[in-house]
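Comments concern the structure below.
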Amino acid sequence: MSFLRELGKTGVKIPAIGLGCMGMSEFYGSADEEENIKVLNRAIDLGCSFWDTADIYGSGANEILLSKVLKERRNEVFLCTKFAFSRGPNGEYNISGKPEYVRQACENSLKRLG
Numbered sequence: 001m002s003f004l005r006e007l008g009k010t011g012v013k014i015p016a017i018g019l020g021c022m023g024m025s026e027f028y029g030s031a032d033e034e035e036n037i038k039v040l041n042r043a044i045d046l047g048c049s050f051w052d053t054a055d056i057y058g059s060g061a062n063e064i065l066l067s068k069v070l071k072e073r074r075n076e077v078f079l080c081t082k083f084a085f086s087r088g089p090n091g092e093y094n095i096s097g098k099p100e101y102v103r104q105a106c107e108n109s110l111k112r113l114g
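Using the UniProt record's numbering, the final residue of the sequence shown is 114, and nothing's skipped along the way.
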């Protein structure tokens, strides 16, 4: 059994199982950056090369965390990120798919990810 799957019709093959990185942000309590960097590097060492994040995880802090590992090991990871959810000034959640929001979310993620 192969652990790789083709991504649509792109010809790109990615692992069927990935690392969800939401737990490395404040969603489940405080996050230890040094420990998370060790986990991310160990994940790569063990062959876990498909990572999932989102701009809302830690209000972008999760993407910044991943960038600290990716700057040295970018060619070893297939990264996906998401957008649509955002937090308002009072902590409320908002959802947007408006073109201007999508464009800005992508630009912001690219900056944070390096």
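Glycine included, each C-beta is placed from N, C-alpha and C at the ideal position. None of the values given here were measured: they were computed from a predicted structure.
Q: Using beta-carbon positions only, say whether Thr-53 and Thr-81 come within less than 7 Å of one another.
A: yes
Q: Give the straight-line distance between the Cα atoms of Gly-60 and Lys-98, rounded to the nearest whole angstrom.
A: 19 Å
Q) DSSP three-state call for Glu-92: helix, strand or coil? A) coil
**Q.** Check whether Phe-3 and Ser-49 have beta carbons under 7 Å apart
**A.** no
Q.
Across the stretch 6 to 24 and the stretch 61 to 68, are there enough close Cβ pairs to call them in contact, namely three or more that are closer than 8 Å?
A. yes
Q: Counting only the same chain and skipping the five closest in sequence on each side, list residues whose C-beta sits under 8 Å from that of Asn-94.
A: Phe-85, Ser-86, Arg-87, Gly-88
Q | Limits of the unbroken beta strand (DSSP E) element including Ser-109 | A | Ser-109 -> not in any beta strand (DSSP E); alpha helix (DSSP H) instead, spanning 99 to 113.
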